[in-house]
Structure formats: C-alpha cells, structure tokens
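Enquirer: Numbering (the working numbering), first residue to last: 536 to 800.
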Ligand SMILES: [Zn+2]
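Set out below in structure tokens:
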C-alpha cells in the first residue's frame, strides 16, 4: 500500500514527492451541527476520505484535515425556504432548536489560518496544493478560491474543490441522504440513524437541522432522507467524486516535462 499520510512521511519521502511535483491535499471542513444522527466533523471526514482516494490514484500526500469552517447569517429567503419566519438571525446550520452550537470561525480568521497553512507548505517546497473542501458555505468557497488565486503564481499552482459534487449520485444537502451515506462508508462510528424518528414520520428542517433543496413554500421537511442512506450509495458517491476530482486536478496541474512525461500517471 502506497504511503500517503503527510504526518507519517520522513523528510526523504516528502522531498521525493516534491521532486516528482506531486500535490499536497489539504482537507478542510467544519465542526458543525449535522443533525442528531451524524458526528459534527462530517465535512472534514468527507474531504479527507476523497483526499485519501486521490492520493492513492494520483500520488501525493494527504495533510491532516483542518476541522475549521466559516459561515454567515442566513438570508431571509433561505430562512423562509427552511420554514422560518425570515427575520431570525441564524448563522449557517445553528438553528434555535439545536442542542449544541457549531464552531464557526469568523471569515477573516478562517482566511488567515488557511492562508498561513498554504504559505508554510509552499515554503517547504511543495508547488502543488489541492484544497479539498467539505463545507458548502458560500463564504468558505469564496475565501478558498481567493486563496488559490493569491498563491498561484510562477511554478506554484493551487486548486480548491468542493467535494460534495452536484452530480455525485444523490441530491445535495446538509446532513441528509448524501452526507449520511458517505459517512456510513468513511466513518461508520459517526452515524447513528437510531437517533432519528422512524419513517414515515417527516423530518422538518427546522427541528432537525437538516437542509436540502427539496422543499418549497409549504413543504419544509426533508425530501432526500438520511434514513434511506446505504453504504452502497456512499461507496458509489466516493468513487464518482474521486474520478471527477482527479479530472479537475489533471486539467489544472498536468504539465509535460522536458522528456514528455506528465506529472500524473
Ligand atoms: Zn456537511
């Protein structure tokens, strides 16, 4: 089995990766409310899971995941879609009925931490960094794209990918079908569907802190149900995400050296 964990690598092994111009994968997620049935670190667990598959496929090293995420206050429109009045001050998934708060970092601190981590990796001598992001907040995605633009210069190339891809086999959502199936495969201990009521009882977004795009004006309940998740679906999703991400990485990084060899096999 190929050695892929950054923290386990000896200096010589890291230097070899640099010589071969292999990427460092930096998984980023959040420590965030994911309803009653999922661990709060699901986003970073997901990002790390995809990073591991990519490193096995393309080479490179997986940096330990950063369980850091940022969020903003929801718009009135998004609140109404989830069944709220529209005038509440709700940050991300921190709904008033949740029993625990998420660890949402202020956007400027999030940006500083990730930028600093990226700078240190570049200073070490890595020229390819792939940020794999498991947390879907718009502000998080924007900051990561900005960091990639800022540091991509000369031989340094950075890429940020949101790993929960729109066409990955299950409709997207937060703590719903897709994330539950993925977690069943990547970290079974972080799922307990017994914490949710049995079907056919409906799961209302605001009561469980689950969100998906299935609702409309009068249907504020979960449509892509975590209780339908299976490890089989999770495995298919990860395969698909890995293939897609590998394609993005090849397209962004692949350069030929003087001998006509590509960076990636
Ligand atoms: Zn999530």
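Ideal Cβ positions, reconstructed from N, Cα and C, are used throughout, including at glycine.
(1) Given a cut-off of 8 angstroms, decide if residue 784 and residue 558 are closer than it, judged by their beta-carbon atoms.
(2) Would the stretch 695–714 count as touching the stretch 661–671 if we require 3 or more Cβ pairs under 8 angstroms?
(3) Hey, residue 571 and residue 717 are a contact pair by Cβ (cut 8 angstroms); roughly how many whole angstroms apart?
(4) When you measure from the CB of residue 702 to every non-hydrogen atom of ligand 1, does any distance come out below 7 angstroms?
(5) To the nearest angstrom, how far is it from the Cα of residue 782 to the Cα of residue 789?
(6) Is residue 747 near ligand 1 - that is, is its Cβ less than 7 angstroms away from at least one heavy atom of it?
(7) Examine ligand 1 and report whether any of its heavy atoms sits within less than 7 angstroms of the Cβ of residue 578.
(8) On the DSSP bridge list, what partners appear for residue 726?
(9) Could you check the C-alpha separation between residue 710 and residue 689 for me, to the nearest Å?
(10) Where residue 739 and residue 547 are concerned, what is the direct C-alpha to C-alpha distance, given to the nearest angstrom?
(11) Is the beta carbon of residue 709 within less than 7 angstroms of some heavy atom of ligand 1?
(12) Starting from the Cα of residue 540, find the closest Cα among 721, 597, 569 and 556 and give me that residue.
(13) Residue 766: which of 713, 595, 620 and 628 sits nearest, CA to CA?
(14) What beta strand (DSSP E) runs, 3 residues minimum, are completely inside the stretch 633–702?
(15) Hey, how far is the Cα of residue 644 from the Cα of residue 551?
(16) With burial defined as no fewer than 16 other Cβ atoms inside 10 Å of the residue's Cβ, what is the status of residue 805: buried or exposed?
(17) Take residue 553 and list the residues in its own chain whose beta-carbon comes closer than 7 angstroms to its own, dropping the five residues that flank it on each side.
(18) Of the residues 584, 649 and 719, which one's Cα is nearest the Cα of residue 685?
(19) Any heavy atom of ligand 1 inside 7 angstroms of the beta-carbon of residue 569?
(20) Do you know offhand how far residue 768's Cα is from residue 753's?
(21) Report yes if the C-beta distance between residue 678 and residue 646 is below 8 angstroms; otherwise report no.
(22) Between residue 721 and the rest of its own chain, which residues show a CB-CB distance below 7 angstroms, the 5 nearest in sequence each way excluded?
(23) How big is the Cα-Cα spacing for residue 613 and residue 705?
(24) What residue range does the alpha helix (DSSP H) around residue 546 cover?
(25) Thinking C-beta only, is residue 747 closer than 8 angstroms to residue 758?
(26) Within the same chain, show all residues whose beta-carbon is closer than 7 angstroms to that of residue 609, passing over the 5 residues directly before and after it, in chain order.
Expert: In brief:
(1) yes
(2) yes
(3) 17 angstroms between Cβ atoms; not a contact.
(4) no
(5) 10 angstroms
(6) no
(7) yes
(8) 573
(9) 40 angstroms
(10) 53 angstroms
(11) yes
(12) 597
(13) 713
(14) 663–668 and 692–697
(15) 33 angstroms
(16) The question about residue 805 has no answer here: the residues shown for the chain are numbered 536 through 800.
(17) 660 and 661
(18) 649
(19) yes
(20) 29 angstroms
(21) yes
(22) 580, 581 and 584
(23) 21 angstroms
(24) 546–554
(25) yes
(26) 625
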